[in-house]
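The opening position of the sequence shown corresponds to residue 1 in full-length UniProt numbering, with each subsequent residue numbered one higher.
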Amino acid sequence: MSSDAATAANATSTSLPRIDALSGGSGGGPDQHLEQPRMGLGASLPAADTRAKTEGTFPYAADLWAEGLLWAAV
């Protein structure tokens with residue numbers, strides 16, 4: 001096929017958006033899954049140490065010291 005014929009073939013073809021058959025979507029945008037927040041079992045709990053870590057008052061392992069404490073390096 002000559003380069004003119006290839007150019008003409010590409011100019012006349014139309015590219016359409018693909019629809020994923022497994023998602024069941026219409027291809028018009030992201031799917032929206034609305035569900036109620038979980039309560040009780042399976043619900044995420046807020047991290048108890050978040051405030052201390054952001055304020056810089058959380059005692060990290062490197063900050064801890066005890067009499068007779070051994071240190072190792074790998």
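For glycine and all other residues, C-beta sits at the position ideal for the given N, C-alpha and C.
Exercise. Can you name, in chain order, every residue of its own chain whose Cβ lies under 7 Å from the Cβ of Thr-50, other than the five neighbours on each side?
Worked result: For this step, residue 50 is matched to residue 50 along the sequence shown. Closer than 7 Å at the Cβ level, and outside the excluded window around Thr-50, lies no residue.
Problem set entry | Where Asp-63 falls: helix, strand or coil (DSSP) | By 1-based counting over the sequence shown, the position of residue 63 is 63. Looking at Asp-63 - three-state DSSP - the assignment turns out to be helix.
For this session: Take Trp-65 and list the residues in its own chain whose beta-carbon comes closer than 7 Å to its own, dropping the five residues that flank it on each side.
Result: What you label residue 65 is simply residue 65 of the sequence shown in a count that begins at 1. Same-chain partners within the cutoff: there are none.
For this session: Give the straight-line distance between the Cα atoms of Val-74 and Met-39, rounded to the nearest whole angstrom.
Result: What you label residue 74 is simply residue 74 of the sequence shown in a count that begins at 1. What you label residue 39 is simply residue 39 of the sequence shown in a count that begins at 1. One C-alpha to the other measures close to 43 Å.
Problem set entry | The alpha helix (DSSP H) enclosing Thr-57, as first and last residue numbers | Here residue 57 corresponds to residue number 57 of the sequence shown, with the count starting at 1. Per DSSP, Thr-57 belongs to no alpha helix (DSSP H) and is neither H nor E.
Exercise. Distance, Cα to Cα, Ala-62 vs Leu-16?
Worked result: Taking the first residue of the sequence shown as 1, we reach residue 62 at position 62. Taking the first residue of the sequence shown as 1, we reach residue 16 at position 16. One C-alpha to the other measures close to 57 Å.
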